[in-house]
Amino acid sequence: MNILTTNGYVSRFITDWAGPEAMIRKIAIRLGGPAIPGLPLRFSGEVARASDEGEERIIEVAIRAANDLGDHATGTVVVSLPRVS
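Numbering (the working numbering), first residue to last: 421 to 505.
Okay, structure coming up:
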């Protein structure tokens with residue numbers, strides 16, 4: 421799998437978690453081992469940082485996509501959400 425496809429999967433992982441009002445601001449990932457068709461790719465993430473910026477909540481998520489061969493992608497995604505009062 422190439423970087424463009426992996427970016428698409430990472431985007432989907434984050435927006436599925438954050439919801440329809442989420443806006444991805446930045447994706448910074450690094451490819452590692454291969455992702456091979458038929459070999460399940462497991463995504464995980466953890467909130468690394470969160471802050472308020474005006475009317476938005478800015479969240480940085482550390483992500484990992486791995487399969488039986490090891491890490492396929494690691495990195496961070498920054499997403500903004502409307503701040504709830």
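We put the CB at the ideal spot given by N, CA and C, even for glycine.
In this text the structure is predicted, and so the values were computed from the model without any measurement.
1) Just verifying my parser: in three-state terms, what is the DSSP assignment at D488?
2) Using three-state DSSP, classify V467 as helix, strand or coil.
3) Determine the direct distance from the alpha carbon of R477 to that of S505, and round the result to whole angstroms.
4) Along the chain, where does the beta strand (DSSP E) containing A448 start, and where does it finish?
5) Exposed or buried, what is V481 when buried is set at 16 or more other beta-carbons lying within 10 Å of its beta-carbon?
Considering the structure as presented:
1) The answer is coil: DSSP assigns D488 none of H, G, I, E or B.
2) In the structure shown, V467 sits in a strand (DSSP, three-state: E or B).
3) Rounded to whole angstroms, S505 to R477 spans 11 angstroms at the Cα level.
4) Per DSSP, the continuous beta strand (DSSP E) segment holding A448 begins and ends at 443-451.
5) In the assembly as shown, V481 is a buried residue. Its beta-carbon has 16 or more other beta-carbons within 10 Å.
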